[in-house]
Amino acid sequence: MEQELLEDLVVESIRLYGQDMYYLPRRRNNFDGVYYEDDISSFDTFYTIEVYTRSTEGFGGQGSFFSKFGLEIRDQVIFSIARRTFEIEVTRDEVDIPRPREGDLLYFPLNKKCFEIKYVDNKPFFYQLGELQMYDLTCELYEYSNETLETGIEDIDKLQKNFSMSAFDFGLLSANGKVLKTNNGDYLVTNKFQDTIEQFDPLADNKRIADEVAEDQVIDWTETNPFADSTRY
Numbered sequence: 014m015e016q017e018l019l020e021d022l023v024v025e026s027i028r029l030y031g032q033d034m035y036y037l038p039r040r041r042n043n044f045d046g047v048y049y050e051d052d053i054s055s056f057d058t059f060y061t062i063e064v065y066t067r068s069t070e071g072f073g074g075q076g077s078f079f080s081k082f083g084l085e086i087r088d089q090v091i092f093s094i095a096r097r098t099f100e101i102e103v104t105r106d107e108v109d110i111p112r113p114r115e116g117d118l119l120y121f122p123l124n125k126k127c128f129e130i131k132y133v134d135n136k137p138f139f140y141q142l143g144e145l146q147m148y149d150l151t152c153e154l155y156e157y158s159n160e161t162l163e164t165g166i167e168d169i170d171k172l173q174k175n176f177s178m179s180a181f182d183f184g185l186l187s188a189n190g191k192v193l194k195t196n197n198g199d200y201l202v203t204n205k206f207q208d209t210i211e212q213f214d215p216l217a218d219n220k221r222i223a224d225e226v227a228e229d230q231v232i233d234w235t236e237t238n239p240f241a242d243s244t245r246y
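Residue numbers (our numbering): 14 to 246.
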């Protein structure tokens with residue numbers, strides 16, 4: 014009875030002092046067990062869940078800084094989710110998700126940003142009355158990397174439209190929805206594909222290199238380099 018009372022208090026506290034957020038489970042469509050990554054993961058659904066923000070004094074983490082890759086934003090925030098609430102809202106429909114998972118997303122409506130779950134602390138306190146009532150999620154600002162977003166939430170799905178550099182998102186489609194290819198196996202894409210690459214990588218020389226290859230201006234070092242691949246430039 015005491016455990017149920019404490020769990021009721023935790024759920025009620027998060028409901029009163031927290032806010033509704035969207036939990037987005039990651040679908041791993043081509044998971045590589047060796048590198049432990051998935052290069053074509055997607056997000057196709059969401060669940061509304063009550064979340065309490067523990068980082069009340071602002072974002073933590075390393076913040077914004079310049080690295081060799083340019084400007085990086087590493088804002089972190091800690092969210093708390095009641096275990097019973099998660100089981101009712103998510104696990105009931107997704108039996109293979111018994112708890113929040115690293116790699117899944119939380120959409121924070123206050124600043125309209127997505128945060129990726131980096132670590133799930135399932136023991137934020139030491140077994141009060143012998144049970145665990147909630148999870149603490151350490152989240153970091155989500156960095157889009159060409160995942161497929163079809164959640165139905167416009168603020169989330171537009172990330173793919175604005176930042177995708179995947180040829181599939183710019184490819185010309187046939188009547189049955191397949192991406193058209195040339196005789197050489199290259200994808201037929203719109204001009205916007207090149208504009209998008211140059212927008213996010215100003216130093217990219219893709220178009221210039223492609224033009225020089227087409228005009229036979231690239232030097233082939235095969236004759237002077239025995240290790241060169243004669244089929245490549």
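Quick reminder that beta carbons are idealized off the backbone N, C-alpha and C, glycines included.
- For ILE130 and ASP21, the gap between their C-alpha atoms comes out near 25 angstroms.
- Counting the other CB atoms within 10 Å of its CB gives PHE128 a total of 16 or more, which places it among the buried residues.
- Straight-line measurement puts the Cα of ARG39 at about 10 angstroms from the Cα of ASP51.
- Burial is judged here by how many other beta carbons sit within 10 angstroms of a residue's own beta carbon; GLY116 has fewer than 16 and is exposed.
- Counting C-beta atoms within 10 angstroms of its own C-beta, PHE44 has fewer than 16 neighbours from the protein chains shown and is therefore classed as exposed.
- In this structure, DSSP gives GLU129 an extended state, which the three-state scheme calls strand.
- A direct Cα-to-Cα measurement between PRO113 and ILE101 gives close to 13 angstroms.
- One alpha carbon belongs to VAL64, the other to ASN197, and they sit about 51 angstroms apart.
- The beta carbon of ARG97 lies closer than 7 angstroms to those of GLU20 and VAL24 in the same chain, with the five residues before and after it left out.
- The beta carbon of THR104 sits closer than 7 angstroms to those of ILE110 and PRO111, all from its chain and outside the five residues before and after it, given in chain order.
- The C-alpha of MET147 is placed about 13 angstroms away from the C-alpha of GLU17.
- Only residues of its own chain outside the window of five on either side were considered, and among them ARG96, ASN135 and LYS136 have a CB closer than 7 angstroms to the CB of LEU145, listed in chain order.
- Where ASP149 is concerned, the enclosing beta strand (DSSP E) starts and stops at 147 to 154.
- Going by beta carbons, LEU162 and PHE56 fall inside the 8 angstroms limit.
- With a cutoff of 8 angstroms on beta-carbon distance, ILE91 and ASP149 are scored as near each other.
- Around ILE94, the same chain offers ILE62, VAL64, PRO113, MET147, TYR148 and LEU150 as residues with beta carbons nearer than 7 angstroms, after the five sequence neighbours per side are excluded.
- Ranking TYR48, ASP168 and ILE53 by CA distance to the CA of LEU119 puts ASP168 first.
- Within the same chain, and ignoring the five residues on either side of ARG41 in sequence, the residues whose Cβ sits closer than 6 angstroms to its Cβ are ASP51 and SER54.
- By DSSP's assignment, GLU63 forms a beta bridge with ASP33.
- Under the three-state reduction of DSSP output, SER54 falls in the coil class, being neither helix nor strand.
- For LEU172, the enclosing alpha helix (DSSP H) starts and ends at 167 to 176.
- Just so you know, the alpha carbons of SER187 and SER26 end up roughly 53 angstroms apart.
- DSSP places THR195 in the coil class of the three-state scheme, outside both helix and strand.
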